[in-house]
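Undergrad:
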Amino acid sequence: MNEHESLSEWDAAYMLGALNSADRQRFEAHLKTCQECQSSLADLSTVPPMMARIAPPDDLLSAPAVSAVSLPAAGASAPEAQPTKTKKPARRRLYFALAAVMLLAAGIGLGSLVNSAPASSPVVQTLALTPATTQDMAVNVGFEPKKWGTALTINCNYPPAAGYNSAETQQSYVLVVQNREGDQSKSASWKYVPGQNVTVPAATSMQLDDIAVVSVQLADGTTVFSAPLKQIPKNS
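Residue numbers (the working numbering): 1 to 236.
(1) I think residue 224 touches residue 150, with their Cβ atoms under 8 Å apart; what is that distance to the nearest whole Å?
(2) Examine the Cβ distances between the stretch 178-185 and the stretch 138-146 and report whether three or more of them are shorter than 8 Å.
(3) If I measure Cβ to Cβ from residue 215 and keep anything under 7 Å in the same chain, skipping five residues before and after, which residues do I get?
(4) Could you give the first and the last residue of the continuous beta strand (DSSP E) run that contains residue 128?
(5) With distance defined between alpha-carbon atoms, name the residue in 43, 228 and 8 nearest to residue 209.
(6) Roughly how many whole angstroms lie between the Cα atoms of residue 17 and residue 2?
(7) Taking the Cβ atom as the reference point for each residue, do residue 205 and residue 148 lie within a distance shorter than 9 Å?
(8) For residue 230, does the three-state DSSP call read helix, strand or coil?
(9) Does the Cβ-Cβ distance between residue 191 and residue 171 come in under 9 Å?
(10) Could you check the C-alpha separation between residue 218 and residue 198 for me, to the nearest Å?
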């Protein structure tokens, strides 16, 4: 086996950066004067751009990066290459198989592309509660269905401090959730903050479809706001 026959088998390893320094320099020196190896290397050049899109494990591609090789200028003479009988299809099949294995190892596939699609935003329904007595404040409650029940967000808009009397400034409020069977549970409690918007997170184990009424009560049980959930707009 002459030098050309020996070195012509190194093209795939060269493209992968798998040759050691000495062998790489030897192959590059041969490549400058061998048109057949230049053609073979060009045939193999379609896969690296695809492989460059992934980050293969370090232990697979630990060899130094392939350096640029200056090919003969147009019109320059080069020794005539000896004709060969085949295009070495077996080696190319191995090369493409290795590329496929590296793609799988990097986790690139149709399933991962589908799973990377962003999740849809949660559906939050908002209900404005109706005051049961004369009230300057406004209360809205947001409802977000969960597997464990319903997440609630209470938003209270309080008037300035001048809008309260001394008794009202000492009040605390409780959110009460009632299901369709009439069972009630207290989901949150808070105190007033004059002149500000207050957001209070709350939760209940009741599923959204089971909630019939929500209300805001004072500590003594007096209802100051309430609303049935059937009033939630269907398109919210």
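No residue lacks a Cβ here, since even glycine has one placed at the ideal position from N, Cα and C.
TA: Answer, in terms of the structure:
(1) With 8 Å as the limit, residue 224 and residue 150 do not qualify as a contact, their Cβ atoms being about 22 Å apart.
(2) no
(3) 176, 223, 225 and 226
(4) 125-128
(5) 228
(6) 24 Å
(7) yes
(8) helix
(9) yes
(10) 17 Å
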